[in-house]
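Protein chains in written order, with our numbering: chain W, 1 to 159; chain E, 1 to 159.
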């Protein structure tokens, strides 16, 4: 098993004014991704994609130990499942991944919709969303996930 | 701009016997992902998903400097585009991301199809593929990408 550490350095920062995640409708939220100016040439042509993938560092969890099993979203009616079966931030390597809509690029600043990251979050990578490969039709999903989404739909409709 | 490094530690290793990437039909290739045994509890329930996302370290590029612009796949007919508009491994943070089909889990070993990583590649994270969020219908893609895919189709059909 490899034990060598991998060192990453942020390439940019999320700006959206959101300092607490509770109750935020992330999928509608518009954020800026301020990319370090030295990487401006690396952004050339990214605006030709309507969707990109943002990798970011869950940096607010530094003091929380990672856990191996959780109840999704901490809901007591959910089963206890392995961390790798969830998108929980409390993972061995605290890297988040979100597909976002790329609304605009102005120089080194991207405007995106749907990024579920707090203001100031370090961004580690940006990748184009490629339908060949990234867009699949899953044949199996766990039942708890369907129940979780049904609960979200109900809370948002009536919230 | 944040400058703090992010330290990641591999959680597992790719096993597929592939030591050179040239000419490999990755999307058909079956690989094993051997997860460190200490993370066995974190895999519970992942087999309920037919597709997962694998994050891995492009560890064979340690001696190559990252570049900011490339011609996709090094093809001379392709335009020079920014690194973040491509999935090239030579990125500031050398992390790869691939959606794979999860065929089976036996204890801490996952069998997956479609992982484009060489034998021995360190795996950094596993995430479930969630149609809500991960499955989007892009409205814009660059013309060079369509040309690249057409070239792939032609080479594979006649190759």
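Yeah, the Cβ is synthetic: ideal placement off N, Cα and C, and Gly gets one too.
With a threshold of 9 Å between beta carbons, is residue 23(E) in contact with chain W? no
At what residues does the alpha helix (DSSP H) containing residue 134(E) begin and finish? 131-134
Can you check whether the C-beta of residue 134(E) is within less than 9 Å of a C-beta belonging to chain W? yes
According to the Cβ coordinates, are residue 105(E) and residue 46(E) closer than 9 Å? yes
Closer than 7 Å by C-beta to residue 94(W): which residues in its own chain qualify, once you throw out the five before and the five after it? Chain order, please. 57, 58, 61
Does the distance from the C-beta atom of residue 145(E) to that of residue 41(W) stay below 9 Å? no
Can you give me, in chain order, the residues of the region 68-88 of chain E that have a beta carbon less than 9 Å from any beta carbon in chain W? 68, 69, 79, 80, 81, 82, 83, 84, 85, 86, 87
Which residues, in order along the region 2-20 of chain W, keep a beta-carbon less than 9 Å from a beta-carbon of chain E? 2, 3, 4, 5, 6, 7, 8, 9, 10, 11, 12, 13
Tell me which residues of the region 23-47 of chain W have at least one Cβ-Cβ distance to chain E shorter than 9 Å, keeping chain order. 27, 34, 35, 36, 37, 38, 39, 40, 41, 42, 43, 44, 45, 46, 47
For residue 37(E) and residue 133(W), what's the separation of their Cα atoms in angstroms? 29 Å
Sort out for me which residues DSSP pairs residue 57(E) with in a bridge. 95(E)
Using the Cα positions of residue 24(E) and residue 76(W), report the straight-line distance between them to the nearest angstrom. 46 Å
DSSP state of residue 7(W) mapped onto helix, strand, coil: strand
How big is the Cα-Cα spacing for residue 17(W) and residue 48(W)? 27 Å
Should residue 129(E) and residue 137(E) be called a contact, given that it needs their Cβ atoms to be closer than 9 Å? no
Taking 9 Å as the CB-CB cut-off, is residue 91(W) touching chain E? yes
For the beta strand (DSSP E) containing residue 111(W), name the first residue and the last one. 109-113
Using the C-alpha atoms, what's the distance from residue 15(W) back to residue 32(W)? 5 Å
Starting from residue 22(W), follow the beta strand (DSSP E) in both directions and report where the run begins and ends. Taken as a continuous stretch (DSSP letters only), residue 22(W) belongs to no beta strand (DSSP E), as it is neither H nor E.
So if DSSP puts residue 105(W) in a beta bridge, which residue, or which two residues, is it bridged to? 110(W)
Along chain W, in chain order, which residues have C-beta atoms closer than 7 Å to that of residue 125(E)? 91, 93, 95
My understanding is that residue 112(E) touches residue 102(E), with C-beta atoms under 8 Å, so please give their C-beta distance in whole angstroms. 6 Å
Note down, in chain order, all residues in the region 128-156 of chain E with a beta-carbon under 9 Å from any beta-carbon belonging to chain W. 128, 129, 130, 131, 132, 133, 134, 135, 136, 137, 138, 139, 140, 141, 142, 143, 144, 145, 149, 152
Thinking residue 12(E) and residue 34(E) are a contact (beta carbons under 8 Å), I'd like their distance in whole angstroms, please. 5 Å
Straight-line Cα distance separating residue 157(W) from residue 118(E): 46 Å
In whole angstroms, what is the alpha-carbon distance linking residue 70(E) and residue 150(W)? 44 Å
Could you name the residues of chain E that residue 99(W) contacts, counting a contact when the two beta carbons are closer than 7 Å? 133, 134, 136
Counting contacts by CB-CB distance shorter than 9 Å, is residue 59(E) in contact with chain W? yes
What did DSSP end up calling residue 40(W) once you bin it into helix, strand or coil? helix
Could you tell me which chain W residues have their CB closer than 9 Å to the CB of residue 55(E), listed as they occur along the chain? 55, 93, 95, 97
Rounded C-alpha distance that separates residue 139(E) from residue 85(E): 16 Å
Residue 69(W) bridges to which residues according to DSSP? 82(W)
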